[in-house]
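Beneath this line is the structure, given in structure tokens, with notes to follow.
Numbering (UniProt numbering), first residue to last: 1 to 553.
Below is the structure:
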């Protein structure tokens with residue numbers, strides 16, 4: 001197919017914190033030098049920058065300080081400092097204990113140097129800074145495939161075709177995707193990026209690494225009444241109930257934002273074993289706990305979303321450089337699970353990528369030395385120091401795993417001034433953890449009350465998700481017989497529960513059971529691509545501009 005071609009020095013896939021930080025830093029370095037101006041392009045599959053961004057988020061400003069030391073005077077939307085920080089252990093459906101500070105692992109403790117933010121709004125601000133530095137940003141364009149030269153070097157990407165019908169045939173408004181050529185391509189798609197997954201496999205970037213591990217984060221924004229005085233800057237993390245009832249790890253959060261808003265969410269580790277577990281329904285239960293629902297009294301739910309989280313840490317981190325480009329941020333898996341923070345680390349990986357690529361342009365290096373810069377950075381040190389946090393929880397459970405993490409960071413590090421000499425590994429893929437439905441008990445979830453708990457359709461409505469209906473399904477089954485012939489009997493087909501948007505369901509047509517994919521509901525969380533026990537579902541990008549339209553998530 002003939003495609004329009006545009007050439008740039010650097011193409012960046014994804015306008016999240018990693019991609020935008022890389023764009024800004026590269027433009028800064030170029031302006032500070034006497035080299036020819038670099039052409040830098042950022043493409044974003046969301047309808048606008050921030051439309052697909054979702055995070056808690058408690059934010060550490062370390063990387064932002066490096067990128068824009070004057071971020072305060074520039075008006076960055078980072079204004080609500082943490083004022084009160086607590087960790088709760090929800091012992092039962094009704095009771096809880098507040099974990100003393102000395103027993104809370106230090107990486108999880110938040111000070112007034114941290115801020116409660118909307119990551120989507122921060123990305124919009126970063127996009128403004130990038131454009132003021134001469135970066136071109138194109139929202140509504142999804143990178144669908146990678147281009148290579150005859151030697152296997154990445155030469156850029158193609159954007160998705162627009163205007164194909166469900167049978168992949170061109171419609172009257174058909175427009176072929178554009179080929180974007182670049183000397184270097186930076187992939188910053190976020191967790192479980194579909195192109196990042198291909199790069200990892202193609203270049204064997206994860207050779208010698210433990211599997212990547214994931215969680216599903218579900219989040220809502222609630223609007224408090226105007227006449228209330230909420231505790232702005234209050235941060236609560238929780239563990240225990242309701243996930244403890246099914247021996248599943250994860251935890252909840254409640255963050256009090258400005259503008260009388262509350263951010264609330266539940267993170268469910270995707271190594272759970274019971275196929276009847278439903279993360280969405282666990283989140284609805286979580287909000288009914290007395291320690292949590294008190295923060296929602298009189299409030300109205302105004303936004304909903306969900307997103308997978310890469311949480312394997314440095315033991316799962318693939319090599320991030322290859323011929324023709326780099327894999328950065330959550331596309332690689334730079335989140336610090338011990339801190340439950342990934343924005344600052346994604347931004348730092350973007351800064352390192354920009355510096356490595358700029359140096360390559362200056363010296364005609366074929367492969368930018370990202371790895372060397374990474375291993376000399378505070379990002380590497382931070383990820384190495386916290387490398388055991390996730391594995392402790394997976395291997396030993398929430399209580400013992402949390403205690404081991406507290407011992408490591410609250411006693412060993414302060415006393416010996418060095419990381420522990422051991423590394424705990426977690427070598428089994430999350431999708432391999434499911435037990436059969438015959439070995440597990442069904443979970444009977446209560447019906448939503450419409451006050452604190454809700455159903456999937458009304459929740460997806462709040463995500464403002466939209467897709468062109470008549471387009472190829474972007475959720476591809478490798479074998480269409482597996483859901484009914486294999487998974488239904490073995491696991492009661494778990495996709496009808498682990499999807500937080502109701503994409504997958506069984507319908508009876510003329511007395512025959514069919515597996516139906518409601519692709520227009522998809523909020524691009526990627527959970528199906530991760531948790532399907534046969535790895536039978538492949539998430540690929542739909543037409544650009546489709547998916548959720550988050551405002552301040």
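Positions of the beta carbon are idealized from the N, C-alpha and C atoms, including for glycine. It should be emphasised that the depicted structure is a prediction, and the values quoted were computed from it without experimental measurement.
Helix, strand or coil for residue i per DSSP?
i           : result
residue 370 : helix
residue 412 : helix
residue 517 : strand
residue 475 : strand
residue 1   : coil
residue 82  : coil
residue 71  : coil
residue 143 : strand
residue 484 : helix
residue 315 : helix
residue 454 : coil
residue 435 : coil
residue 331 : helix
residue 550 : coil
When the Cα of residue i is compared with those of the options, which residue comes out closest?
i           : options            : result
residue 452 : 512, 294, 342      : 294
residue 77  : 122, 105, 60       : 122
residue 236 : 285, 340, 158      : 340
residue 225 : 207, 262, 192, 212 : 262
residue 497 : 274, 415, 395, 346 : 274
residue 494 : 458, 454, 431, 352 : 431
residue 409 : 427, 434, 382      : 382
residue 266 : 260, 286, 272      : 286
residue 437 : 489, 360, 64       : 489
residue 416 : 531, 433, 385      : 385
residue 558 : 41, 66, 277, 38    : Because the chain spans 1 through 553 in this model, residue 558 falls outside it and cannot be assessed.
residue 327 : 298, 357, 302, 301 : 357
residue 316 : 323, 43, 516, 330  : 330
residue 479 : 283, 515, 70       : 515
residue 82  : 174, 175, 258, 9   : 258
residue 570 : 162, 31, 128       : Since the displayed the chain opens at 1 and closes at 553, residue 570 lies outside it and no answer follows.
residue 300 : 353, 246, 361, 228 : 228
residue 35  : 289, 202, 363, 420 : 363
Can you name the start and end residues of the alpha helix (DSSP H) that residue i belongs to?
i           : result
residue 125 : 119-132
residue 418 : Looking at the DSSP string, residue 418 is not in any alpha helix (DSSP H), and its letter there is neither H nor E.
residue 115 : Segment 114-116 is the beta strand (DSSP E) holding residue 115; no alpha helix (DSSP H) there.
residue 363 : 343-363
residue 192 : Note, residue 192: premise wrong, no alpha helix (DSSP H); not H, not E.
residue 528 : 527-531
residue 282 : 279-286
residue 523 : Element bounds for residue 523: n/a, residue is neither H nor E.
residue 377 : Taken as a continuous stretch (DSSP letters only), residue 377 belongs to no alpha helix (DSSP H), as it is neither H nor E.
residue 391 : 389-396
Cutting at 7 Å between CB atoms, please list the residues of its own chain near residue i, excluding the five before and the five after it.
i           : result
residue 321 : 367, 368, 370, 371
residue 325 : 154, 184, 185, 186, 187
residue 491 : 275, 434, 436, 437, 533
Are the beta-carbon atoms of residue i and residue j separated by less than 8 Å?
i           : j           : result
residue 94  : residue 59  : no
residue 14  : residue 182 : no
residue 53  : residue 553 : yes
residue 554 : residue 142 : The chain is shown from 1 up to 553; residue 554 falls before or after that span and cannot be answered.
residue 214 : residue 270 : yes
residue 178 : residue 3   : yes
residue 482 : residue 534 : yes
residue 557 : residue 343 : Here the chain covers residues 1 to 553 and nothing more, so residue 557 does not appear.
residue 509 : residue 519 : no
residue 23  : residue 130 : yes
residue 199 : residue 8   : no
residue 391 : residue 429 : no
Going along the chain, which residues of its own chain have a beta-carbon closer than 6 Å to the beta-carbon of residue i, five neighbours each way excluded?
i           : result
residue 319 : 205
residue 105 : 405, 406, 409
residue 264 : 220, 254
residue 99  : 87, 89
residue 193 : 331
residue 117 : 57, 59, 78
Residue i lies in the beta strand (DSSP E); which residues open and close that run?
i           : result
residue 310 : 300-310
residue 561 : The question about residue 561 has no answer, for the chain in this structure spans 1 to 553.
residue 171 : 170-175
residue 33  : First-last for residue 33: undefined, no H or E at that position.
residue 181 : 179-187
residue 157 : 154-159
residue 239 : 234-240
residue 59  : 58-60
Near residue i, what residues of its chain come up, given a Cβ to Cβ distance below 8 Å and the 5 sequence neighbours on each side ignored?
i           : result
residue 355 : 25, 29, 373
residue 549 : 46, 47, 48, 51, 463, 464, 465, 466
residue 84  : 231, 233, 234, 235
The ligand SAH heavy atoms versus the CB of residue i: any closer than 7 Å?
i           : result
residue 380 : This structure lacks the ligand SAH, and indeed carries no ligand of any kind.
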